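In full-length UniProt numbering, the protein residues as written are 1 to 358. The beta-carbon is built from N, C-alpha and C at its ideal position, and this holds for glycine as well. Quick caveat: nothing in here was measured; it's all calculated off a predicted structure.
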Ligand SMILES: *Cc1c(COP(=O)(O)O)cnc(C)c1O
């Protein structure tokens with residue numbers, strides 16, 4: 001069986017050697033030494049001024065909305081994982097969708113201003129598959145209309161944009177360290193900001209609002225990463241260059257096979273982006289062809305993923321607003337199997353199946 005991704009597991013004894021520290025200290029959560037060590041290593045590895053480790057990649061979105069004091073409407077993308085939209089609704093705000101660019105697949109910055117009203121407080125956009133949004137234009141719009149900017153950068157571990165980590169852009173960026181992501185801690189995630197006041201706010205929000213044991217800064221939730229999660233991150237991090245190199249081989253084969261095809265569309269990367277090889281999406285001509293490809297794959301026990309599907313403006317808890325580009329792409333996009341250590345013979349089989357159908 002070939003699945004869309006396969007979690008990279010470090011040698012078990014390396015994980016256990018790190019965890020041994022927790023056993024010896026008798027300390028497995030509440031910002032123990034391993035979480036602090038992981039944050040320090042991530043700051044250095046990513047070259048960012050601040051990392052706050054969290055228990056998953058969804059809580060950071062909710063904490064970011066809370067920390068910026070957002071209310072009313074938040075302009076967002078319909079083409080993302082459901083957590084981007086659900087976090088907005090969960091925090092009592094209203095998502096206002098703006099359609100996506102048909103090639104970059106990120107929010108279409110030329111349509112943002114038309115969606116701004118007196119109730120708009122922020123833009124929450126996703127760097128889709130690690131492909132950056134039009135960051136410069138979004139910054140101009142945000143400044144002009146006094147809006148905050150949050151980037152859901154769940155796919156962006158090790159993505160640099162114009163020579164620096166993409167986590168440096170926007171008021172706040174978030175990441176997911178879920179087992180299906182490029183770098184992982186099993187479940188996990190992080191918050192990034194360059195603003196020191198915001199760093200303090202994010203910190204107390206993620207720990208019940210605590211100021212010492214008995215005083216409180218304000219409201220909070222529990223978003224703390226635990227020591228076993230941090231141990232996994234510390235065990236995976238030394239392999240990140242190998243992981244990317246292994247994935248790059250697969251991506252090169254897919255690219256060679258499909259880059260000149262008239263029958264499917266590949267993602268157009270924004271200039272200035274260093275890739276991390278986290279995803280390989282293909283966009284087929286129509287949903288019927290996609291379903292045919294899926295059927296043939298299933299017969300061979302190959303399971304790609306319809307990601308992202310469905311378009312988030314169609315969520316049952318929202319009032320529907322039409323997003324023609326996102327809805328069309330969501331129906332036709334497939335993320336092909338891609339992971340470290342993937343057998344290149346299997347990659348060729350996958351390519352052959354797709355070529356047969358298209
Ligand atoms: C994975 C993902 C999330 C959620 O992260 P979790 O760690 O699973 O909570 C949010 N947004 C995007 C774009 C994602 O891909």
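Which of the three DSSP states is assigned to residue 103 in this structure? Stepping through the chain shown from its first residue, residue 103 is reached at position 103. Residue 103: coil per DSSP, three-state reduction.
For residue 333, which residues in the same chain have their Cβ closer than 6 angstroms to its Cβ, ignoring the five residues on either side in sequence? As a working note, residue 333 is residue 333 in the chain shown. Setting aside the 5 residues that flank it on each side, residue 333 is surrounded in the same chain by 281 and 283, each with a C-beta closer than 6 angstroms to its C-beta; the list follows chain order.
At a threshold of 7 angstroms, does residue 176 count as lining ligand 1 (C-beta to nearest heavy atom)? Mapped onto the chain shown, residue 176 falls at position 176. For ligand 1, at least one heavy atom lies less than 7 angstroms from the Cβ of residue 176.
Is residue 31 helix, strand or coil when you go by DSSP? The sequence position of residue 31 within the chain shown is 31, counting from 1. Coil at residue 31, not helix or strand.
Using a threshold of 8 angstroms, state whether the C-beta atoms of residue 164 and residue 55 are closer than that. To locate residue 164, count along the chain shown from 1; it is residue 164. To locate residue 55, count along the chain shown from 1; it is residue 55. Result no, Cβ atoms of residue 164 and residue 55 do not sit closer than 8 angstroms.
For residue 215, which beta-bridge partners are listed by DSSP? Along the chain shown, one-based indexing puts residue 215 at 215. DSSP lists 211 as the beta-bridge partner residues of residue 215.
With contact counted as at least three CB pairs below 8 angstroms, one residue from each stretch, are the segment 78 to 85 and the segment 98 to 116 in contact? Taking 8 angstroms as the limit for Cβ pairs, the verdict is that the segment 98 to 116 does touch the segment 78 to 85.
Checking the sheet assignment: what are the DSSP bridge partners for residue 164? Here residue 164 corresponds to residue number 164 of the chain shown, with the count starting at 1. Under DSSP, the beta-bridge partners assigned to residue 164 are 161.
Does the pairing of the segment 123 to 133 with the segment 11 to 23 give three or more beta-carbon distances under 8 angstroms? No, they do not touch.
Mind the definition here: the segment 224 to 239 touches the segment 34 to 52 only if three or more C-beta pairs lie below 8 angstroms; say whether that holds. As far as the Cβ criterion goes, the segment 224 to 239 touches the segment 34 to 52, which means the pair count is three or higher.
Looking at residue 80 and ligand 1, is the gap between the Cβ and the nearest heavy atom below 7 angstroms? Numbered from 1 along the chain shown, position 80 holds the residue referred to as residue 80. Under cutoff, so the answer is yes.
Where residue 348 and residue 261 are concerned, what is the direct C-alpha to C-alpha distance, given to the nearest angstrom? Taking the first residue of the chain shown as position 1, residue 348 is located at position 348. Taking the first residue of the chain shown as position 1, residue 261 is located at position 261. So the alpha carbons of these two residues sit roughly 16 angstroms apart.
To the nearest angstrom, report how far apart residue 259 and residue 18 are at their CA atoms. Here residue 259 corresponds to residue number 259 of the chain shown, with the count starting at 1. Here residue 18 corresponds to residue number 18 of the chain shown, with the count starting at 1. In a straight line, the C-alpha of residue 259 is about 43 angstroms away from that of residue 18.
Is it true that the CB of residue 159 sits closer than 8 angstroms to the CB of residue 252? For this step, residue 252 is matched to residue 252 along the chain shown. For this step, residue 159 is matched to residue 159 along the chain shown. No, they are not a contact pair.
Just confirm the distance between the C-beta atoms of residue 157 and residue 192, as a whole number of angstroms; I'd bet it's less than 8 angstroms. For this step, residue 157 is matched to residue 157 along the chain shown. For this step, residue 192 is matched to residue 192 along the chain shown. Not really, about 11 angstroms apart at Cβ, beyond 8 angstroms.
One question on the structure: do residue 287 and residue 331 come within less than 8 angstroms of each other, judged by their Cβ atoms? Counting from one through the chain shown, the residue named residue 287 turns up at place 287. Counting from one through the chain shown, the residue named residue 331 turns up at place 331. A contact, by the Cβ cut-off of 8 angstroms.
Just to confirm my understanding: we take residue 199, look at its own chain, exclude 5 residues before and 5 after, and list those with CB closer than 8 angstroms. What are they? For this step, residue 199 is matched to residue 199 along the chain shown. Hits under 8 angstroms: 50, 52 and 193.
Within the same chain, show all residues whose beta-carbon is closer than 6 angstroms to that of residue 339, passing over the 5 residues directly before and after it, in chain order. Reading the chain shown from its first residue, position 339 is the one you call residue 339. Once the five neighbours on either side are set aside, the close Cβ partners of residue 339 are 5 and 6.
Residue 161 CB to nearest chain C CB: under 8 angstroms? Within the model displayed, chain C is absent; a lone protein chain is all it includes.
Assuming residue 63 is part of the alpha helix (DSSP H), what are its boundary residues? Stepping through the chain shown from its first residue, residue 63 is reached at position 63. For residue 63, the enclosing alpha helix (DSSP H) starts and ends at 59 to 67.
Check whether the segment 54 to 72 touches the segment 232 to 244, counting contact only when three or more Cβ pairs, one atom from each stretch, lie closer than 8 angstroms. The segment 54 to 72 is not in contact with the segment 232 to 244.
Quick check on residue 179: does DSSP put it in helix, strand or coil? Position 179 of the chain shown, counted from the first residue, corresponds to residue 179. Residue 179 falls in the coil class under three-state DSSP.
By the DSSP assignment, the beta strand (DSSP E) with residue 121 in it spans what residues? What you label residue 121 is simply residue 121 of the chain shown in a count that begins at 1. Residue 121 -> beta strand (DSSP E) spans 120 to 126.
Have a look at residue 214 and residue 208 and give me their C-alpha separation to the nearest angstrom. On the chain shown, residue 214 is found 214 positions in, with the first residue counted as 1. On the chain shown, residue 208 is found 208 positions in, with the first residue counted as 1. When only Cα atoms are considered, residue 214 and residue 208 end up about 11 angstroms apart.
Go ahead and pull the three-state DSSP assignment for residue 226. Here residue 226 refers to the residue found at position 226 of the chain shown. Residue 226 falls in the coil class under three-state DSSP.
Closer than 7 angstroms to a non-hydrogen atom of ligand 1 - does that hold for the CB of residue 32? Locating residue 32 in the chain shown gives position 32, where the first residue counts as 1. Incorrect: residue 32 has no Cβ contact closer than 7 angstroms to ligand 1.
Quick check: is any heavy atom of ligand 1 less than 7 angstroms from the C-beta of residue 154? By one-based count along the chain shown, residue 154 stands at place 154. Flag set: Cβ of residue 154 near ligand 1.
Under the criterion of a Cβ to heavy atom distance below 7 angstroms, does residue 187 qualify as lining ligand 3? Absence of ligand 3 from the depicted structure is noted, with ligand 1 being the only ligands included.
Other residues of its chain near residue 137: CB distance less than 6 angstroms, five sequence neighbours each side excluded: The residue labelled residue 137 in the question sits at position 137 within the chain shown. The answer, listed in chain order, is 109.
Taking 7 angstroms as the cut-off, does the CB of residue 126 come closer than this to any heavy atom belonging to ligand 1? Mapped onto the chain shown, residue 126 falls at position 126. Of the heavy atoms belonging to ligand 1, at least one sits nearer than 7 angstroms to the Cβ of residue 126.
Taking C-alpha atoms, which residue in 16, 153, 24 and 64 lies nearest to residue 202? The residue you call residue 202 lines up with position 202 of the chain shown. Between residue 202 and the set 16, 153, 24 and 64, the nearest pair of CA atoms involves 64.
Mapping DSSP to helix, strand and coil, what is residue 265? Mapped onto the chain shown, residue 265 falls at position 265. Reduced to three states, the DSSP call for residue 265 is strand.
Please indicate yes or no: does the CB of residue 322 lie closer than 7 angstroms to some heavy atom of ligand 1? The residue given as residue 322 occupies position 322 in the chain shown. Checking every heavy atom of ligand 1 against the Cβ of residue 322, none is found closer than 7 angstroms.
Put residue 305 into one of helix, strand or coil per three-state DSSP. Indexing the chain shown from 1 puts residue 305 at position 305. Strand, per DSSP.
Kindly identify the DSSP beta-bridge partner or partners of residue 335. Your numbering for residue 335 matches position 335 in the chain shown. Residue pairing by DSSP puts residue 335 in a beta bridge opposite 281 and 305.
Anticipated Cβ contact below 8 angstroms, residue 205 with residue 292, distance rounded: Along the chain shown, read from residue 1 onward, the residue named residue 205 stands at position 205. Along the chain shown, read from residue 1 onward, the residue named residue 292 stands at position 292. With a Cβ gap of about 47 angstroms, residue 205 and residue 292 do not count as contacting.
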